[in-house]
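Just below is one structure, and these are the notes that go with it.
There are 2 protein chains.
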Amino acid sequence: MTIRKRRYAAPLEPVAGNGLLDRRALLGRGIMFAGAVSTGVGSSRTTAAADPLRDDPWSLETGAITPALQTPSRFEKDVVRILSNPNGEPRTSHARTPHHLLNGTITPNSLHFSINHSGIPDIDPDKHRLVIHGMVKQPLVFTVDSLARYPMVSRMAFVECAGNSAGMFSPQPLQASVQALHGLVSNAEWTGVPLSTLLEETGIDPKAIWMIAEGADSLALSRSLPVKKALDDAMVALYQNGERIMPGNGYPMRLVLPGWEGNMQVKFLRRLKLTDQPGMTYFETRTYSQILPNGKAYRFYFVNEVKSFITHPSFGQALKEPGYYEISGIAYSGSGRIAKVMVSADGGKSWAQAALQEPVQSKAFTRFRVPWRWDGQPAILQSRAWDEAGNVQPLRAQFVAERGEAAKVPSPLGFANQHYNSLTSWAIDSKGEIKHVYA
Amino acid sequence: MTIRKRRYAAPLEPVAGNGLLDRRALLGRGIMFAGAVSTGVGSSRTTAAADPLRDDPWSLETGAITPALQTPSRFEKDVVRILSNPNGEPRTSHARTPHHLLNGTITPNSLHFSINHSGIPDIDPDKHRLVIHGMVKQPLVFTVDSLARYPMVSRMAFVECAGNSAGMFSPQPLQASVQALHGLVSNAEWTGVPLSTLLEETGIDPKAIWMIAEGADSLALSRSLPVKKALDDAMVALYQNGERIMPGNGYPMRLVLPGWEGNMQVKFLRRLKLTDQPGMTYFETRTYSQILPNGKAYRFYFVNEVKSFITHPSFGQALKEPGYYEISGIAYSGSGRIAKVMVSADGGKSWAQAALQEPVQSKAFTRFRVPWRWDGQPAILQSRAWDEAGNVQPLRAQFVAERGEAAKVPSPLGFANQHYNSLTSWAIDSKGEIKHVYA
Numbered sequence: 069m070t071i072r073k074r075r076y077a078a079p080l081e082p083v084a085g086n087g088l089l090d091r092r093a094l095l096g097r098g099i100m101f102a103g104a105v106s107t108g109v110g111s112s113r114t115t116a117a118a119d120p121l122r123d124d125p126w127s128l129e130t131g132a133i134t135p136a137l138q139t140p141s142r143f144e145k146d147v148v149r150i151l152s153n154p155n156g157e158p159r160t161s162h163a164r165t166p167h168h169l170l171n172g173t174i175t176p177n178s179l180h181f182s183i184n185h186s187g188i189p190d191i192d193p194d195k196h197r198l199v200i201h202g203m204v205k206q207p208l209v210f211t212v213d214s215l216a217r218y219p220m221v222s223r224m225a226f227v228e229c230a231g232n233s234a235g236m237f238s239p240q241p242l243q244a245s246v247q248a249l250h251g252l253v254s255n256a257e258w259t260g261v262p263l264s265t266l267l268e269e270t271g272i273d274p275k276a277i278w279m280i281a282e283g284a285d286s287l288a289l290s291r292s293l294p295v296k297k298a299l300d301d302a303m304v305a306l307y308q309n310g311e312r313i314m315p316g317n318g319y320p321m322r323l324v325l326p327g328w329e330g331n332m333q334v335k336f337l338r339r340l341k342l343t344d345q346p347g348m349t350y351f352e353t354r355t356y357s358q359i360l361p362n363g364k365a366y367r368f369y370f371v372n373e374v375k376s377f378i379t380h381p382s383f384g385q386a387l388k389e390p391g392y393y394e395i396s397g398i399a400y401s402g403s404g405r406i407a408k409v410m411v412s413a414d415g416g417k418s419w420a421q422a423a424l425q426e427p428v429q430s431k432a433f434t435r436f437r438v439p440w441r442w443d444g445q446p447a448i449l450q451s452r453a454w455d456e457a458g459n460v461q462p463l464r465a466q467f468v469a470e471r472g473e474a475a476k477v478p479s480p481l482g483f484a485n486q487h488y489n490s491l492t493s494w495a496i497d498s499k500g501e502i503k504h505v506y507a
Numbered sequence: 069m070t071i072r073k074r075r076y077a078a079p080l081e082p083v084a085g086n087g088l089l090d091r092r093a094l095l096g097r098g099i100m101f102a103g104a105v106s107t108g109v110g111s112s113r114t115t116a117a118a119d120p121l122r123d124d125p126w127s128l129e130t131g132a133i134t135p136a137l138q139t140p141s142r143f144e145k146d147v148v149r150i151l152s153n154p155n156g157e158p159r160t161s162h163a164r165t166p167h168h169l170l171n172g173t174i175t176p177n178s179l180h181f182s183i184n185h186s187g188i189p190d191i192d193p194d195k196h197r198l199v200i201h202g203m204v205k206q207p208l209v210f211t212v213d214s215l216a217r218y219p220m221v222s223r224m225a226f227v228e229c230a231g232n233s234a235g236m237f238s239p240q241p242l243q244a245s246v247q248a249l250h251g252l253v254s255n256a257e258w259t260g261v262p263l264s265t266l267l268e269e270t271g272i273d274p275k276a277i278w279m280i281a282e283g284a285d286s287l288a289l290s291r292s293l294p295v296k297k298a299l300d301d302a303m304v305a306l307y308q309n310g311e312r313i314m315p316g317n318g319y320p321m322r323l324v325l326p327g328w329e330g331n332m333q334v335k336f337l338r339r340l341k342l343t344d345q346p347g348m349t350y351f352e353t354r355t356y357s358q359i360l361p362n363g364k365a366y367r368f369y370f371v372n373e374v375k376s377f378i379t380h381p382s383f384g385q386a387l388k389e390p391g392y393y394e395i396s397g398i399a400y401s402g403s404g405r406i407a408k409v410m411v412s413a414d415g416g417k418s419w420a421q422a423a424l425q426e427p428v429q430s431k432a433f434t435r436f437r438v439p440w441r442w443d444g445q446p447a448i449l450q451s452r453a454w455d456e457a458g459n460v461q462p463l464r465a466q467f468v469a470e471r472g473e474a475a476k477v478p479s480p481l482g483f484a485n486q487h488y489n490s491l492t493s494w495a496i497d498s499k500g501e502i503k504h505v506y507a
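In structure tokens, the structure reads:
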């Protein structure tokens with residue numbers, strides 16, 4: 069096999085600095101690539117006899133037995149979650165999604181991020197109960213089986229920890245993968261019963277404007293939730309990407325609050341108590357109230373704002389040679405659909421609009437893609453997203469001015485600050501190596 | 069806890085026989101349910117002190133350690149694929165998706181159906197090659213790494229074996245679950261490179277109208293594919309629901325031909341050879357050419373036609389008591405989007421229109437749902453789907469007249485016939501037990 073002649077002289081002119089091409093080039097018709105090599109056997113007239121393929125060992129023997137549950141290839145053994153507490157010491161356990169090794173928009177259930185503060189409870193679904201009580205007209209108890217008789221809905225939704233991307237508050241850019249930096253967000257199709265349907269069953273005292281959601285984990289993690297969100301798009305979910313929810317994600321049922329911070333989407337949900345005031349629980353007053361540079365705190369700060377990051381190429385990968393690459397990444401917003409993603413290859417001097425994978429769904433991952441021809445010179449890749457509500461990812465200088473870098477009061481969860489939604493920058497040097505930089 | 073008073077006097081009148089309700093009732097506002105029980109502690113004025121929840125054992129102890137790859141709860145051990153060849157004897161292995169235990173639209177990768185004729189090859193992705201040659205201008209060799217540099221697309225698509233639902237050709241209705249009857253279809257988000265992009269790289273001899281796709285399994289399964297489909301929506305897929313393709317589904321790369329029968333979507337794809345005629349391969353001439361009652365055969369019969377079946381309730385489940393239930397199921401068409409699904413509870417005498425879960429995507433699963441109030445009397449549930457191309461699922465009498473019941477020539481794969489897309493009927497008796505019937 070011989071290296072194929074490169075065809076750099078593509079008819080498409082760059083639309084932004086450092087070789088960003090028009091997103092319409094993704095549809096083909098004009099762009100030339102450098103990924104393939106010639107078979108070395110010439111044109112069609114001469115290949116009829118020559119066969120460029122050898123038989124590999126796996127083509128010469130019967131393969132493995134089909135298992136009841138299939139798992140990834142042994143060659144994908146590195147595609148796992150990074151664990152912060154692999155030995156289960158008595159503290160919080162984080163498991164981060166390897167976004168740099170995935171593509172598309174769905175996070176497979178095995179790789180959905182999870183955070184548990186007191187381990188993963190082993191819940192018998194036949195014994196688990198959900199109670200809705202407090203300021204309701206008729207308190208009710210639901211089992212998994214009784215919930216399964218109610219009208220259901222399915223929707224794609226991302227779940228993101230408020231502390232995702234906490235490393236981005238570091239004064240110096242951490243040399244870490246997109247998994248380590250941004251792995252506390254994932255995206256799945258959730259199926260369950262709209263909470264509004266259940267509240268219609270119980271009735272609501274007009275004075276009830278909050279409810280306290282409590283989990284069946286041994287810490288009984290609880291958060292206060294406005295009734296208004298419960299009546300909007302909240303769901304008591306039973307299924308995650310088609311199957312029952314993973315144990316680490318809330319089996320047998322969890323609250324799904326599309327677009328709101330993950331810890332409020334209470335897992336192992338066992339109680340919703342309607343009240344006329346918030347509960348001021350441990351997790352909402354101490355853990356998830358971030359301290360600002362001016363000494364005040366965000367309290368009841370629920371929405372995960374518009375955000376994006378590039379997954380390919382990113383830290384830990386390397387470009388082997390100049391030529392065509394696809395830049396792609398993930399964008400999402402707790403306020404609705406992604407409206408636009410712009411990508412820069414020159415550290416923000418110029419921008420090209422990315423293609424968005426259809427269908428673009430509200431409060432869910434949107435994969436964006438931009439064609440790029442790397443000329444072998446240093447480049448800095450960034451993405452910046454807008455949502456349909458008109459929000460835009462803040463530039464880093466603006467973000468740091470408002471929100472500070474390292475937090476003044478480290479949280480007991482071990483992260484420095486919360487709700488990072490500014491840009492991520494990957495610097496590519498002339499060798500094709502990738503570093504994390506602030507730009 | 070006391071059984072809650074039933075509120076049968078819902079304001080919504082049925083829209084079809086045996087208690088089918090208007091699909092708009094799924095949005096709430098008026099429908100009453102019977103699934104929940106009272107907490108037994110009275111109204112909101114008295115519940116403040118009483119707590120209806122006891123602490124279960126899992127709420128009293130630290131939970132399990134977070135794993136690198138999470139797996140379902142041990143209480144979901146029955147949610148597995150049914151295997152036709154669990155000991156890996158030298159014959160075809162089928163693994164069927166448990167649709168009656170799933171909900172939503174996505175099939176998790178662990179449960180995606182698979183059929184392999186000579187086991188599952190253990191392919192080293194760094195050594196695997198895809199060759200496109202034959203009647204092309206420039207034959208090319210692609211590695212996994214080189215493919216990953218090309219522009220990608222993601223799309224939801226069902227894959228269905230031509231022999232799915234073969235049991236429905238039985239003269240007597242088989243008493244079997246929706247998994248056993250219809251488990252050879254699944255739905256996933258596939259991400260990869262449009263085949264049209266790769267063919268633009270190689271160029272195509274204008275005389276080439278077919279290509280032969282070959283897998284790297286030890287049988288070198290091969291099928292002939294019109295160039296027209298390759299230039300339409302075919303994809304060389306690398307990812308399945310976000311992660312690399314499962315070994316049983318074609319790792320490290322497979323052809324995805326949205327809407328076409330599964331065996332053509334060649335797994336372990338290693339060769340595309342462009343030709344001016346079809347290959348008349350073993351699998352297209354012997355295995356996948358179904359014999360018709362008139363003695364002729366369907367040859368090059370590619371599209372999986374519009375189809376639907378009810379998954380909840382279905383065989384193997386039981387209704388414990390009269391009252392409200394949701395009827396839901398899956399609809400799909402190889403010709404585009406699902407346009408409409410009608411549901412009957414009286415064996416086809418009257419029909420109600422189902423709600424379709426948005427977004428309805430082309431050549432992908434669409435979940436349909438209908439609210440239903442069961443009065444405890446016998447009922448026969450059926451669904452019937454239409455697609456945007458105007459196709460409709462044929463009624464069973466019409467289908468059997470055209471296509472026969474048991475095939476005259478059993479196929480070597482062990483199924484009686486192919487491309488079943490007529491109705492499935494579940495009969496519910498007064499005890500709530502469910503049987504498979506022809507109606």
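Residue numbers (this note's numbering), protein chains in the order written: chain A, 69 to 507; chain B, 69 to 507. Don't be surprised by glycine CBs; every beta carbon is placed ideally from N, CA and C. These numbers come from a predicted model, not from an experiment.
Asked, Found
"Roughly how many angstroms separate the alpha carbons of Leu266/B and Arg91/B, rounded to a whole number?", "45 Å"
"For Gly402/B, count the other beta carbons within 10 Å of its own beta carbon; 16 or more makes it buried, fewer makes it exposed. Which is it?", "buried"
"Under 7 Å between beta-carbons, which chain A residues line up against Asp192/B? List them in chain order, please.", "Phe143"
"Given that Asn309/A touches chain B, what residues does it touch there, using C-beta distances under 8 Å?", "Gly172, Ile174, Pro176, Asn309"
"Can you check whether the C-beta of Met220/B is within less than 8 Å of a C-beta belonging to chain A?", "yes"
"List in chain order: all unbroken beta strand (DSSP E) runs of 3+ residues lying wholly within the segment 419 to 461 of chain B.", "434 to 442, 447 to 455"
"Please confirm whether Pro390/A has its beta-carbon closer than 8 Å to some beta-carbon of chain B.", "no"
"Between which two residues does the alpha helix (DSSP H) harbouring Phe467/B extend?", "464 to 471"
"Going by DSSP, which residues form a beta bridge with Gly416/A?", "Note: Gly416/A sits in no beta bridge, so no partner."
"Using DSSP with H/G/I as helix, E/B as strand and the rest coil, what is Gly187/B?", "coil"
"Bridge partners of Gln345/B, per DSSP?", "Partner(s): none; Gln345/B has no beta bridge."
"From Ser430/A to Leu121/A, what does the alpha carbon distance come to, in whole angstroms?", "46 Å"
"Name the residue from Pro219/A, Glu268/A, Ile133/A, Ala495/A whose alpha carbon lies nearest to the alpha carbon of Pro158/B.", "Ile133/A"
"So if DSSP puts His162/A in a beta bridge, which residue, or which two residues, is it bridged to?", "Ile183/A"
"Run the CB neighbour count on Lys375/A, radius 10 Å, all protein chains shown included, and call it buried at 16 or more, exposed below.", "buried"
"Identify each residue in the segment 129 to 140 of chain A for which the Cβ-Cβ distance to at least one residue of chain B is less than 9 Å, and report them in chain order.", "Glu129, Thr130, Gly131, Ala132, Ile133, Thr134, Pro135, Ala136, Leu137, Gln138, Thr139, Pro140"
"Are there 16 or more other CB atoms within 10 angstroms of the CB of Asp455/A, so buried, or fewer, so exposed?", "buried"
"Check the Cβ-Cβ distances between Lys195/B and every residue of chain A, and say whether any is below 8 Å.", "yes"
"So with CB distances below 7 Å, who are the chain A contacts of Ser186/B?", "Thr130, Gly131"
"Looking at the C-beta of His250/A, does it have a partner C-beta in chain B at a distance below 8 Å?", "no"
"Does the structure place the segment 261 to 280 of chain B close enough to the segment 290 to 298 of chain B that three or more beta carbon pairs sit under 8 Å?", "yes"
"Kindly say whether Ala163/A, judged by its beta-carbon, lies nearer than 8 Å to any beta-carbon of chain B.", "yes"
"Can you name the residues that DSSP bridges to Glu329/B?", "Glu228/B"
"Residues in the same chain with beta-carbon distance under 6 Å from Glu460/A, minus the five sequence neighbours each way, listed in chain order, please.", "The question names Glu, but residue 460/A is Val in the sequence shown. Cβ within range, chain order: Trp454."
"Phe143/A by DSSP, collapsed to three states: which one?", "helix"
"Just to check, is the beta-carbon of Thr349/B closer than 7 Å to a non-hydrogen atom of the ligand NAP?", "Judged by which ligands are present, the structure shown has none, so any question about the ligand NAP falls away."
"For Ala302/B, which residues in the same chain have their Cβ closer than 6 Å to its Cβ, ignoring the five residues on either side in sequence?", "Leu263, Leu325"
"I need the straight-line Cα distance from Met314/A to Leu491/A, nearest angstrom please.", "31 Å"
"Could you check what DSSP says for Gln385/A in three-state terms: helix, strand or coil?", "strand"
"Give the DSSP-derived three-state secondary structure of Val261/A in the structure shown.", "strand"
"Output the distance between the C-alpha atoms of Phe210/A and Glu470/A, rounded to the nearest integer angstrom.", "45 Å"
"Quick check: what's the CA-CA separation for Gly444/A versus Glu389/A?", "7 Å"
"Would the segment 170 to 179 of chain B count as touching the segment 213 to 222 of chain A if we require 3 or more Cβ pairs under 8 Å?", "yes"
"Span of the beta strand (DSSP E) holding Val83/B?", "Premise fails: Val83/B is in no beta strand (DSSP E) and is neither H nor E."
"Can you name, in chain order, every residue of its own chain whose Cβ lies under 8 Å from the Cβ of Ala365/B, other than the five neighbours on each side?", "Ser357, Gln358, Ile359"
"Sort out for me which residues DSSP pairs Lys205/A with in a bridge.", "Beta-bridge pairing links Lys205/A to no other residue."
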